[in-house]
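J.: Here it is, the structure in full.
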Amino acid sequence: MQYILEFLGLMAVFSIFIVVPGADFAVILRQSIVHGRRAAIMTGLGMGFSLLFHISYTILGLGLIVSKSLMLFAMIKWAGVAYLVYLGIKSFREPGFSVQEIEVTAEDRKPVSMLKCLGMGFITNALNPKPVLFFLSLFSTLVHHDTPALIQFSYGIGMATALVAWFAGVSYFFTVKAIRDRFIASGKWFNRITGAALVGFGFRLALSRAAD
Numbered sequence: 011m012q013y014i015l016e017f018l019g020l021m022a023v024f025s026i027f028i029v030v031p032g033a034d035f036a037v038i039l040r041q042s043i044v045h046g047r048r049a050a051i052m053t054g055l056g057m058g059f060s061l062l063f064h065i066s067y068t069i070l071g072l073g074l075i076v077s078k079s080l081m082l083f084a085m086i087k088w089a090g091v092a093y094l095v096y097l098g099i100k101s102f103r104e105p106g107f108s109v110q111e112i113e114v115t116a117e118d119r120k121p122v123s124m125l126k127c128l129g130m131g132f133i134t135n136a137l138n139p140k141p142v143l144f145f146l147s148l149f150s151t152l153v154h155h156d157t158p159a160l161i162q163f164s165y166g167i168g169m170a171t172a173l174v175a176w177f178a179g180v181s182y183f184f185t186v187k188a189i190r191d192r193f194i195a196s197g198k199w200f201n202r203i204t205g206a207a208l209v210g211f212g213f214r215l216a217l218s219r220a221a222d
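The opening residue of the sequence shown carries number 11 in the working numbering; numbering runs sequentially from there.
Pasting the structure below:
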């Protein structure tokens, strides 16, 4: 039961994190418009593999910290809570989504291999510093330090699957300009809702940590 609750908690926060447009979203959108949906899905798959890379070193790093100092791990937990609250406040204050219109040239239309798309997705996500802090805060606050590494990695597989599924949806639906415009237009309220959810979740975690 503990593992199910941990996984649901991770997925709840992670779902909020991935639907807010960022660098990965922009790359997927461009790939789908310029090279087609299949190329975009392969790019999203590469991002999913990169996410597993981020999660793997997060799990190994936290495991090493726990083996050395529980006090240091507790400090990282509190820093993780603070970071989730910070992300929530930042999202709440954002005026809206800033997704630029994509201009396609003849040069852009050149065929691209699926392997190259996979590599592009992996590198784009792997070089993004944002997931590093996010997964560190997420796993340190929501996952008990006694949870086996294999179970934690299975959480990561579930999160990677959700990421690829979301970007597959983006590649199919957001290439339609009317849908894309409607989503962008709702950005202000969307940011406020997700921001409030993250702040509330962060404070809830803070209260539960204080009660421990």
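For each residue, glycine too, the CB sits at the ideal point set by N, CA and C. Remember, predicted model here, so these are calculated numbers, not experimental data.
Can you say whether ALA142 is buried or exposed, counting buried as having 16 or more other CB atoms within 10 angstroms of its CB?
T.: Taking the first residue of the sequence shown as 1, we reach residue 142 at position 132. The residue you asked about is not Ala; residue 142 is Val in the sequence shown. The residue in question, VAL142, is exposed, as its Cβ has fewer than 16 Cβ neighbours within 10 Å.
J.: Residues in the same chain with beta-carbon distance under 8 Å from ILE75, minus the five sequence neighbours each way, listed in chain order, please.
T.: Counted from its first residue, the sequence shown places residue 75 at position 65. Taken in chain order, the residues that qualify are LEU82, PHE83 and ILE86.
J.: Reducing DSSP to helix, strand and coil, say where LEU137 ends up.
T.: Counting from 1 along the sequence shown, the entry for residue 137 is found at position 127. It is coil, neither helix nor strand.
J.: Rounded to whole angstroms, what's the CA-CA distance from ILE99 to PHE145? Just pull it up for me.
T.: Counting from one through the sequence shown, the residue named residue 99 turns up at place 89. Counting from one through the sequence shown, the residue named residue 145 turns up at place 135. Roughly 18 Å separates the two Cα atoms.
J.: Cβ atoms of LEU148 and LEU20: under 8 Å apart, would you say?
T.: Within the sequence shown, residue 20 is the residue found at index 10, counting from 1. Within the sequence shown, residue 148 is the residue found at index 138, counting from 1. Yes. Within cutoff.
J.: Here's the rule: buried if 16 or more other CB atoms are within 10 angstroms of the residue's CB, otherwise exposed. What is VAL186?
T.: Taking the sequence shown and counting its residues from 1, one reaches residue 186 at position 176. Flag for VAL186 reads exposed.
J.: Quick check: what's the CA-CA separation for LEU94 versus SER42?
T.: For the purposes of this step, residue 94 is taken as the residue at position 84 of the sequence shown. For the purposes of this step, residue 42 is taken as the residue at position 32 of the sequence shown. C-alpha separation (whole angstroms): 31 Å.
J.: According to the Cβ coordinates, are VAL37 and THR134 closer than 8 Å?
T.: As a first step, residue 37 is located in the sequence shown; it is residue number 27 there, counting from the start. As a first step, residue 134 is located in the sequence shown; it is residue number 124 there, counting from the start. Yes, they are a contact pair.
J.: From which residue to which residue does the alpha helix (DSSP H) around GLY46 run?
T.: Stepping through the sequence shown from its first residue, residue 46 is reached at position 36. Counting along the chain, GLY46 falls outside any alpha helix (DSSP H), and DSSP gives it neither H nor E.
J.: What is the rounded straight-line gap between the Cα of GLU104 and the Cα of VAL180?
T.: Stepping through the sequence shown from its first residue, residue 104 is reached at position 94. Stepping through the sequence shown from its first residue, residue 180 is reached at position 170. The straight-line gap from Cα to Cα measures roughly 21 Å.
J.: Do you know offhand how far PHE213's Cα is from ALA206's?
T.: In the sequence shown, counting from the first residue as 1, residue 213 sits at position 203. In the sequence shown, counting from the first residue as 1, residue 206 sits at position 196. Going from the Cα of PHE213 to the Cα of ALA206 covers about 11 Å.
J.: Are TYR182 and ARG48 touching if we call contact CB-CB under 8 Å?
T.: Residue numbering aside, residue 182 sits at position 172 when the sequence shown is read from its first letter. Residue numbering aside, residue 48 sits at position 38 when the sequence shown is read from its first letter. No, the Cβ-Cβ distance between TYR182 and ARG48 is not below 8 Å.
J.: Once the 5 residues before and after MET52 are set aside, which same chain residues still bring their CB inside 6 Å of it?
T.: Indexing the sequence shown from 1 puts residue 52 at position 42. Excluding residues within five positions, the ones whose Cβ falls inside 6 Å are MET124, CYS127 and LEU128.
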